[in-house]
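Colleague: Following this message is one structure expressed as structure tokens.
Numbering (this note's numbering), first residue to last: 6 to 305.
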């Protein structure tokens with residue numbers, strides 16, 4: 006019998022670098038929500054990929070950034086705790102721009118804790134002249150001796166096989182910590198809340214979607230039918246935001262709910278009866294009790 010192997014890998018980087026899209030590509034299922042807006046991921050999300058005797062356990066982390074409120078401080082701590090708990094780190098950066106201060110801070114953590122790391126330069130589909138990537142690679146490799154540097158496009162899939170091969174090579178002899186068919190440690194209720202929040206990010210502009218949270222109040226599969234009933238409350242920070250989320254004649258809330266229901270039906274593999282309500286919780290991102298209630302506090 007072949008010897009089993011395991012690697013625990015943290016996916017880290019700045020907001021909007023494409024960490025969650027990379028995780029979804031690697032796993033082969035949508036377990037982390039994505040949007041063009043920064044700071045989409047708020048908590049650590051675990052994804053599990055098992056190929057034959059090798060199991061990779063990924064931790065997708067919030068974008069590493071300077072916090073502007075208590076929620077932001079929790080998000081930053083979640084990244085820092087994740088780095089200390091893994092065998093390897095996958096640093097995801099964009100294919101254009103300069104090395105950001107927060108990326109340098111992450112690299113300093115790699116150096117301090119002597120953590121092996123792979124560099125994934127994402128969004129190469131946006132760079133017509135691929136020779137321009139050489140300068141980008143040089144800027145990062147001058148700061149750290151990465152185990153591998155892989156240019157990728159999580160959107161198109163380019164380079165993802167090469168990235169997965171490098172990640173598989175990081176696995177060491179060990180028991181598997183999850184059943185081989187596990188995809189994530191996230192309960193279905195949590196994924197349901199995140200899929201609703203993704204639609205808020207998709208359809209709402211400016212600061213409004215970042216000031217929202219979703220709580221699943223009811224989640225139950227009917228005994229006599231292949232239907233799951235879900236009731237969710239969307240929380241926002243201002244009464245004026247509540248009106249925007251609901252929209253004229255309820256059209257915006259209907260659009261958000263319909264999109265979330267379709268994704269939930271694909272994920273759960275059955276029909277979904279989804280009802281959403283909107284409530285106001287002023288300044289909840291600076292209120293520790295509400296952050297805990299929404300499951301967004303840091304857990305080591």
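Note that the Cβ used here is the ideal one computed from N, Cα and C, for glycine as well.
Below 8 Å CB to CB, which residues in the same chain sit around residue 110 once its five sequence neighbours on both sides are set aside?
Modeller: Contacts found: 69.
Colleague: In three-state terms, what does DSSP make of residue 56?
Modeller: Correct three-state label for residue 56: strand.
Colleague: Nearest CA to the CA of residue 153: which residue from 88, 198, 169 and 183?
Modeller: Residue 169 is the option with its Cα nearest to residue 153.
Colleague: Could you give the residue range of the beta strand (DSSP E) that holds residue 240?
Modeller: Run containing residue 240: 232 to 241, per the beta strand (DSSP E) assignment.
Colleague: Among 126, 91, 75 and 198, which has the Cα closest to the Cα of residue 99?
Modeller: Closest option to residue 99, Cα to Cα, is 126.
Colleague: Please name the residue in 88, 89 and 28 whose C-alpha comes closest to that of residue 61.
Modeller: The residue with the shortest Cα to Cα distance from residue 61 is 28.
Colleague: So, helix, strand or coil for residue 178, using DSSP?
Modeller: Three-state DSSP puts residue 178 in a strand.
Colleague: If we ignore side chains and look at the alpha-carbon of each, how far apart do residue 221 and residue 137 end up?
Modeller: The alpha-carbon atoms of residue 221 and residue 137 are separated by roughly 46 Å.
Colleague: What are the boundary residues of the alpha helix (DSSP H) that includes residue 279?
Modeller: Note, residue 279: premise wrong, no alpha helix (DSSP H); beta strand (DSSP E) at 276 to 285.
Colleague: Exposed or buried, which one is residue 180 when buried takes at least 16 other CB atoms within 10 Å?
Modeller: Exposed: under 16 other Cβ atoms inside 10 Å.
Colleague: Expressed to the nearest angstrom, what Euclidean distance is found between the alpha-carbon atoms of residue 107 and residue 31?
Modeller: Residue 107 and residue 31: Cα-Cα distance of roughly 25 Å.
Colleague: Anyone know if the C-beta pair for residue 4 and residue 291 falls short of 8 Å?
Modeller: As displayed, the chain neither begins before 6 nor continues past 305, which places residue 4 out of reach and without an answer.
Colleague: For residue 10, which of helix, strand or coil comes out of DSSP?
Modeller: Strand, per DSSP.
Colleague: Which residue or residues does DSSP assign as beta-bridge partners of residue 225?
Modeller: Residue 225 is bridged to 234.
Colleague: Spatial neighbours of residue 265 within its chain, please: CB distance less than 7 Å, with the 5 preceding and 5 following residues excluded, ordered by chain position.
Modeller: The residues are 200, 201, 204 and 279.
Colleague: If you draw a straight line from the alpha carbon of residue 332 to that of residue 254, how long is it in whole angstroms?
Modeller: In the structure displayed, the chain extends from 6 to 305; residue 332 sits before or after that span and is not available.
Colleague: Taking just the CA atoms, how far does residue 163 sit from residue 84?
Modeller: About 27 Å.
Colleague: Quick one: residues in its chain with C-beta nearer than 6 Å to the C-beta of residue 64, no 5 flanking neighbours on either side, listed in chain order?
Modeller: Once the five neighbours on either side are set aside, the close Cβ partners of residue 64 are 15, 49, 51 and 87.
Colleague: With DSSP as the reference, identify every bridge partner of residue 189, one or two as the case may be.
Modeller: Looking at the DSSP assignment, residue 189 forms a beta bridge with 52.
Colleague: Should residue 268 be labelled buried (16 or more other beta-carbon atoms within 10 Å of its own) or exposed?
Modeller: Result: buried.
Colleague: Inspect the beta-carbon positions of residue 176 and residue 7 and report whether they are closer than 8 Å.
Modeller: The answer is no: Cβ separation not under 8 Å.
Colleague: Mapping the DSSP letters down to three states, classify residue 113 as helix, strand or coil.
Modeller: DSSP places residue 113 in helix when its eight states are reduced to three.
Colleague: To the nearest angstrom, report how far apart residue 289 and residue 299 are at their CA atoms.
Modeller: About 10 Å.
Colleague: Pull up the DSSP beta-bridge partners for residue 214, would you.
Modeller: DSSP, once it has assigned bridges, lists no residue as partnering residue 214.
Colleague: State the Cα-Cα distance for the pair residue 233 and residue 274, rounded to the nearest angstrom.
Modeller: Going by the C-alpha atoms only, they are around 10 Å apart.
Colleague: Using the Cβ count rule (16 or more neighbours within 10 Å means buried), how would you classify residue 143?
Modeller: Per the 10 Å Cβ criterion, exposed.
Colleague: Between residue 53 and residue 183, is the Cβ-Cβ spacing less than 8 Å?
Modeller: It is a contact, given that the beta carbons lie within the stated cut-off.
Colleague: Pick out the complete beta strand (DSSP E) segments inside the region 75 to 107, 3 residues or longer, and give them in chain order.
Modeller: For the region 75 to 107, whole beta strand (DSSP E) runs of length 3 or above, ordered along the chain, are 93 to 99.
Colleague: Which residues in the same chain as residue 158 place their Cβ atom closer than 6 Å to its Cβ, once the five residues preceding and following it in sequence are excluded?
Modeller: Hits under 6 Å: 129 and 130.
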